[in-house]
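Protein chains: 2
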Amino acid sequence: MNEVKKIVVTGGAGFIGSNLVDALLVQGHEVHVIDNFSTGRREFLNSGAELHEVDLCDESVDLTSVFQGSQEVYHLAANADVRFGMTDTRRDINQNVIATLRVAQACATAGVEDVIFSSTGAVYGDSVEHPTPETAQFPIQTSLYGMSKTAAEGILSTFAANEIFRVSAFRFVSVLGHRYMHGHAIDFVRQLHQDPEALTVLGDGTQRKSYMDVSDCIRALLTLRGKETFEVFNLGASDYCTVRDSVAWITEAMGVEPKVSYGEEKRGWVGDNPFTWLDVSKAAEHGWAAGKSIPDSVKGTVAWLLENTWALGIQDLRK
Amino acid sequence: MNEVKKIVVTGGAGFIGSNLVDALLVQGHEVHVIDNFSTGRREFLNSGAELHEVDLCDESVDLTSVFQGSQEVYHLAANADVRFGMTDTRRDINQNVIATLRVAQACATAGVEDVIFSSTGAVYGDSVEHPTPETAQFPIQTSLYGMSKTAAEGILSTFAANEIFRVSAFRFVSVLGHRYMHGHAIDFVRQLHQDPEALTVLGDGTQRKSYMDVSDCIRALLTLRGKETFEVFNLGASDYCTVRDSVAWITEAMGVEPKVSYGEEKRGWVGDNPFTWLDVSKAAEHGWAAGKSIPDSVKGTVAWLLENTWALGIQDLRK
Numbered sequence: 015m016n017e018v019k020k021i022v023v024t025g026g027a028g029f030i031g032s033n034l035v036d037a038l039l040v041q042g043h044e045v046h047v048i049d050n051f052s053t054g055r056r057e058f059l060n061s062g063a064e065l066h067e068v069d070l071c072d073e074s075v076d077l078t079s080v081f082q083g084s085q086e087v088y089h090l091a092a093n094a095d096v097r098f099g100m101t102d103t104r105r106d107i108n109q110n111v112i113a114t115l116r117v118a119q120a121c122a123t124a125g126v127e128d129v130i131f132s133s134t135g136a137v138y139g140d141s142v143e144h145p146t147p148e149t150a151q152f153p154i155q156t157s158l159y160g161m162s163k164t165a166a167e168g169i170l171s172t173f174a175a176n177e178i179f180r181v182s183a184f185r186f187v188s189v190l191g192h193r194y195m196h197g198h199a200i201d202f203v204r205q206l207h208q209d210p211e212a213l214t215v216l217g218d219g220t221q222r223k224s225y226m227d228v229s230d231c232i233r234a235l236l237t238l239r240g241k242e243t244f245e246v247f248n249l250g251a252s253d254y255c256t257v258r259d260s261v262a263w264i265t266e267a268m269g270v271e272p273k274v275s276y277g278e279e280k281r282g283w284v285g286d287n288p289f290t291w292l293d294v295s296k297a298a299e300h301g302w303a304a305g306k307s308i309p310d311s312v313k314g315t316v317a318w319l320l321e322n323t324w325a326l327g328i329q330d331l332r333k
Numbered sequence: 015m016n017e018v019k020k021i022v023v024t025g026g027a028g029f030i031g032s033n034l035v036d037a038l039l040v041q042g043h044e045v046h047v048i049d050n051f052s053t054g055r056r057e058f059l060n061s062g063a064e065l066h067e068v069d070l071c072d073e074s075v076d077l078t079s080v081f082q083g084s085q086e087v088y089h090l091a092a093n094a095d096v097r098f099g100m101t102d103t104r105r106d107i108n109q110n111v112i113a114t115l116r117v118a119q120a121c122a123t124a125g126v127e128d129v130i131f132s133s134t135g136a137v138y139g140d141s142v143e144h145p146t147p148e149t150a151q152f153p154i155q156t157s158l159y160g161m162s163k164t165a166a167e168g169i170l171s172t173f174a175a176n177e178i179f180r181v182s183a184f185r186f187v188s189v190l191g192h193r194y195m196h197g198h199a200i201d202f203v204r205q206l207h208q209d210p211e212a213l214t215v216l217g218d219g220t221q222r223k224s225y226m227d228v229s230d231c232i233r234a235l236l237t238l239r240g241k242e243t244f245e246v247f248n249l250g251a252s253d254y255c256t257v258r259d260s261v262a263w264i265t266e267a268m269g270v271e272p273k274v275s276y277g278e279e280k281r282g283w284v285g286d287n288p289f290t291w292l293d294v295s296k297a298a299e300h301g302w303a304a305g306k307s308i309p310d311s312v313k314g315t316v317a318w319l320l321e322n323t324w325a326l327g328i329q330d331l332r333k
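Read top to bottom, the protein sequences are chains A and B.
The numbering used here puts the first residue of the first sequence at 15, with every later residue one more than the last.
The numbering used here puts the first residue of the second sequence at 15, with every later residue one more than the last.
1) What residues of chain A sit near valine 284 of chain B, judged by a beta carbon separation below 7 Å?
2) Report the residues of the segment 221 to 251 of chain B with a CB closer than 7 Å to any CB of chain A, ordered along the chain.
3) Which residues in the same chain as proline 342 of chain A place their Cβ atom closer than 6 Å to its Cβ, once the five residues preceding and following it in sequence are excluded?
4) Below 9 Å between beta carbons is the criterion; list the residues of the segment 88 to 100 of chain B that meet it against any residue of chain A, in chain order.
5) Using three-state DSSP, classify leucine 235 of chain B as helix, strand or coil.
6) Apply the 10 Å Cβ neighbour rule to alanine 317 of chain B and answer buried if 16 or more other Cβ atoms are within range, or exposed otherwise.
7) Please report the straight-line C-alpha distance between cysteine 73 of chain A and isoleucine 112 of chain A, rounded to a whole angstrom.
8) Is proline 153 of chain B close to chain A? Criterion is C-beta to C-beta, closer than 8 Å.
9) Does DSSP put threonine 24 of chain B in a helix, a strand or coil?
10) Apart from the five residues just before and just after isoleucine 30 of chain A, which ones in its own chain have a Cβ nearer than 7 Å to its Cβ?
11) Run through DSSP, which three-state label would aspartate 209 of chain A get?
12) Could you tell me which chain A residues have their CB closer than 7 Å to the CB of isoleucine 130 of chain B, listed as they occur along the chain?
13) Could you check the C-alpha separation between isoleucine 11 of chain B and isoleucine 21 of chain B for me, to the nearest Å?
14) May I have the straight-line CA-CA distance separating serine 61 of chain A from arginine 193 of chain A, to the nearest angstrom?
15) Check for me: the beta strand (DSSP E) holding lysine 273 of chain B runs from which residue to which?
16) Taking only three categories from DSSP, how would you classify asparagine 33 of chain B?
17) Runs of 4 residues minimum, wholly inside the segment 134 to 163 of chain A: which ones carry the alpha helix (DSSP H) assignment?
18) Helix, strand or coil for alanine 303 of chain B? Go by DSSP, reduced to three states.
19) Output the boundary residues of the alpha helix (DSSP H) element that contains methionine 268 of chain A.
20) Can you check DSSP and say which residues form a bridge with glutamate 245 of chain B?
21) Take phenylalanine 244 of chain A and list the residues in its own chain whose beta-carbon comes closer than 6 Å to its own, dropping the five residues that flank it on each side.
22) May I ask you to list the residues that DSSP assigns as paired with valine 215 of chain A?
23) Give me, in chain order, the residues of the same chain whose beta-carbon lies closer than 6 Å to that of tyrosine 138 of chain A; leave out the 5 immediate sequence neighbours on both sides.
24) With C-beta atoms as the reference, is valine 261 of chain B less than 8 Å away from valine 215 of chain B?
25) Relative to the C-alpha of arginine 281 of chain B, which residue among B:Lys19, B:Thr220, B:Ala303, B:Gly250 is closest?
26) Could you give the residue range of the alpha helix (DSSP H) that holds leucine 190 of chain A?
27) Can glutamine 82 of chain B and alanine 122 of chain B be called in contact, C-beta distance under 8 Å?
28) Please name the residues in the segment 119 to 146 of chain A whose beta-carbon is closer than 7 Å to at least one beta-carbon of chain B, in chain order.
29) Evaluate serine 275 of chain A with the Cβ neighbour count: other Cβ atoms within 10 Å of its Cβ, from every protein chain shown; 16 or more gives buried, anything less gives exposed.
30) What is the rounded straight-line gap between the Cα of cysteine 71 of chain A and the Cα of threonine 256 of chain B?
31) Let's test the definition: count the other Cβ atoms within 10 Å of the Cβ of serine 224 of chain A and tell me whether it reaches 16, buried, or not, exposed.
32) Suppose contacts are defined by Cβ-Cβ distances below 8 Å. Is methionine 226 of chain A in contact with valine 187 of chain A by that definition?
33) Comparing the C-beta of isoleucine 169 of chain A with each C-beta of chain B, is any distance below 8 Å?
34) For arginine 258 of chain B, which residues of its own chain have a beta-carbon under 6 Å away from its beta-carbon, when the five flanking residues on both sides are left out?
35) Locate the beta strand (DSSP E) running through leucine 70 of chain A, then write down its first and last residues.
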């Protein structure tokens, strides 16, 4: 039996956060969740966790008491959608930059030792190196989302440089699987659930993307640590697929044969990266590798969505 | 004679901004200055410019009217001090991130074509590559200042990726010269002006730093442009000196022989980079090189400070 710890998970009612909370509770820890349910779901929140229903950006709330006595904090609360950054330009700064600063300060005051952070492969902008390593060249940001996650990493690495706490930052590819609620797969399944005959795809379908199953992601968050005060790890499958591959797996899993309309652009939207593939050899050297293949993860995601069709009815609030 | 343009300079009463405004007025342009005099000086503001006394972070102010009809905007307003970030953790985010977003949005609404931005070599964190090129590896930030300028670049590059305006971002080393008001040289001159017998230096004096004269900086801001929608240029001298070299030049210029007390740390403060030296070959390929040597610039700075001893009496408000 491991030592029982008080562990705080921000965004603990979200897709990745709630899966993480479940895993931490199985390990016997005392788990506290901070969530404001802006995108998190009450259905996902494990009743074994203690909930603090708080908006991290609310300046009137002192977060320190929640973090007091906690050695580890998983900071997952964020705006997680790279699209729509330019229609609500303050969202990424508020939810990803200022929220991270407030969490960092509360962790500092409370004496937290380890902060585990969900970053993103979007920090690489339009990478010129594939697969992209953690030491890729200085990125040029193409989305406010990528900018904001880079800034959040920079806030945490500054606290780490000041030896206030250790940081493990994980740059994810898109995550699929159990409780998946936003991204291309749900968009496709939602469309096909309404009309099995037609599917409209943003971009020309040649976009190359790497994915990761949430089960692999949780295993990394729980186990991957380095020696430095600030460590960053890429996480993703060792390979990639095209959007056209994904369309084929999803339609096959759903047993439909729609007419697929592709766009003409190489990107799905401005700020979309036409090629996302991360070099995960650093994580591999530390003993981690994705266990689930991309097609298996896509098919598992479709199965979960078809068992939970209420999820298809949830309007995407981020638009 | 060049075409006369309406040009806006944010931070146009500051050290670099006011020198830039003078140069733009000499070229015959209609120059508008936005400054809130938090660190800018009324003494520096050219009376030929139109002043808009505005805090860029003030949400109640609509900035668009100032930018209307302007093709070029020089966005120089910022917190420019890398120290004290951890004592007032919101300053860098407010003055460098949110202010830049507000300027970018106002430029977008007003149809500005070119935004010229003062970034910093601090965006490279503790670089492992010397001299550090624009394509250096993904930096780990060690200061909230470096984080905030990286984020500001990311905001502007996102607008550029959306083809809203072109951006030329300049990553400076520390700038010296006419109207220099903060940094190591004024700290040293202030101390020696009070007591020519004693000088206390932060850090052990082995820190290696590259500098640039403000005259060279202004020439770069005015003339260096690239072909891409978002272009970044390092700016600095082609070489570097140690803090001990600088102490020698300053004491020589002042004709004093103090007892110098060095600290024991390799850095002057947490977040200080012990070695700052930028690769300026990209700027050189575009026809720019620093014209003034580091010792000449240091000596010129001392001469200006000794002619303007009122500057030594200005308390450093950033502490």
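Cβ coordinates follow ideal geometry from the N, Cα and C atoms, glycine included.
In this text the structure is predicted, and so the values were computed from the model without any measurement.
So, from the listed chains and residues:
1) Ala175, Asn176
2) Phe244
3) Absent from the model: residue 342 of chain A. The displayed extent of chain A is 15 to 333, so no value can be given.
4) Gly99, Met100
5) helix
6) exposed
7) The sequence shown places glutamate at residue 73 of chain A, rather than the cysteine named in the question. Near 10 Å, if we compare the C-alpha coordinates of isoleucine 112 of chain A and glutamate 73 of chain A.
8) yes
9) strand
10) Leu90, Ser132, Val189, Val228, Cys231
11) coil
12) The contacting residues do not exist; isoleucine 130 of chain B stays about 17 Å from chain A at best.
13) In the structure as shown, chain B begins at 15 and stops at 333. Residue 11 of chain B is therefore absent and cannot be evaluated.
14) 16 Å
15) 273 to 276
16) helix
17) none
18) coil
19) 257 to 268
20) B:Ser182
21) Ser171, Ala174, Val181
22) A:Tyr276
23) Thr146, Ala150, Pro153
24) yes
25) B:Thr220
26) It is not in any alpha helix (DSSP H) - leucine 190 of chain A instead sits in the beta strand (DSSP E) that spans 188 to 190.
27) no
28) Gln119
29) exposed
30) 43 Å
31) buried
32) yes
33) yes
34) Gly219
35) Per DSSP, leucine 70 of chain A belongs to no beta strand (DSSP E) and is neither H nor E.
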